[in-house]
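In what follows, a structure is listed as structure tokens, so that the remarks can point back to it.
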Amino acid sequence: MVAKEGDLIVVPLGKGLDGEVAIGEFSTAPGVIKKVTVEDGENHYDTWGREITWKRTVTRRRFSNTLNKSLHAPTAFHLIEALSREEVYLAAYGSFTYDDIYVASFPSEKEKFTTTDQATIGIWFNSLAIIHEAGITNSPLNKGDGIFELGIDEADVELELIRNSPWTAVLRTVGPLAFSALAIYPLAVEGKPLSHLKNATVSAKPVAGAIDKCAVVIPTDMQEIAKGYGHGRWDASCRLGKKVSTGATLRSTAHLKSARKKVK
Numbered sequence: 010m011v012a013k014e015g016d017l018i019v020v021p022l023g024k025g026l027d028g029e030v031a032i033g034e035f036s037t038a039p040g041v042i043k044k045v046t047v048e049d050g051e052n053h054y055d056t057w058g059r060e061i062t063w064k065r066t067v068t069r070r071r072f073s074n075t076l077n078k079s080l081h082a083p084t085a086f087h088l089i090e091a092l093s094r095e096e097v098y099l100a101a102y103g104s105f106t107y108d109d110i111y112v113a114s115f116p117s118e119k120e121k122f123t124t125t126d127q128a129t130i131g132i133w134f135n136s137l138a139i140i141h142e143a144g145i146t147n148s149p150l151n152k153g154d155g156i157f158e159l160g161i162d163e164a165d166v167e168l169e170l171i172r173n174s175p176w177t178a179v180l181r182t183v184g185p186l187a188f189s190a191l192a193i194y195p196l197a198v199e200g201k202p203l204s205h206l207k208n209a210t211v212s213a214k215p216v217a218g219a220i221d222k223c224a225v226v227i228p229t230d231m232q233e234i235a236k237g238y239g240h241g242r243w244d245a246s247c248r249l250g251k252k253v254s255t256g257a258t259l260r261s262t263a264h265l266k267s268a269r270k271k272v273k
């Protein structure tokens, strides 16, 4: 078992649900080693090892019982079961994609979500999913259906509110809609014109030992989504997004960048 560049390592540091777990990423290829100083209490000694970039330290409460049990394995190193790896990706990166599954995190500063917070978050994301589905299937929406009517329809997305002191909303979709939401939500919160949405692109940096470490453009359906936000829906989505931002303090982990103007 050889860890590749970009593979993650999970190190339990304490016991119990409040015990900490460190998550790191191998930043060098196998065979590339360096001298490191190891601290063990008051003892210090030099050894050789792989370089690791530590991503985050979280408590065991973040993880499921299945993953926590695997951290008690008697062997020094072992592979985490595939079903539990998404939990590690979520803790390390927040937003990520694999096998056409897209996961986007929207952290909050609140220690406690109210029912109003949960309702407004659900309606905003659910209405986006309905508008996206109508666009890619070329199914026209009823002109009279606004954001709130669409927000209570059944949508093919998974929205999970994780209590991790503070809360985090996690959107999980088949296809890149979750990543599109990372860009659409801050545009709505800032009340940007609908034209900004039509021209928006989403880029991300590959990890996990990808050959090309440059930013890649994520294929999205922004044009189709923008069409669905007609008939005043975008203005309503902006108002609701602002309410989610101020009430639930939800924010996107994406960074908005203005397009560079062409020089004539």
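Residue numbers for the sequence shown follow the working numbering, so the first one is 10 and each next one is one higher.
Heads up, the beta-carbon is just placed ideally off N, CA and C, and yes, glycines get one too.
The structure presented is a predicted model; accordingly, all values stated were derived computationally and were not measured.
- Counted as a single uninterrupted DSSP element, the beta strand (DSSP E) harbouring F105 occupies residues 105-107.
- For S114, the enclosing beta strand (DSSP E) covers residues 110-116.
- The Cβ neighbour count for I32, taken over all protein chains shown within 10 Å, is at least 16; the residue is labelled buried.
- Between K13 and P39, the CB-CB gap stays under 9 Å.
- When C-alpha distances from F122 are compared across T262, H264, A263, T258, the shortest belongs to T258.
- P185 sits in coil when the DSSP states are folded into three classes, being neither helix nor strand.
- Between K44 and F86, the alpha-carbon positions lie close to 21 Å from each other.
- DSSP places I18 inside the beta strand (DSSP E), whose first and last residues are 17-21.
- Distance between N135 and E199, taken at the CA atoms: about 20 Å.
- Shown here, F134 sits in a helix according to DSSP, grouped into three states.
- Around the beta carbon of H141, a 10 Å sphere encloses 16 or more other beta carbons of the protein chains shown; the residue is thus reported as buried.
- Secondary structure of K24 (DSSP, three-state): coil.
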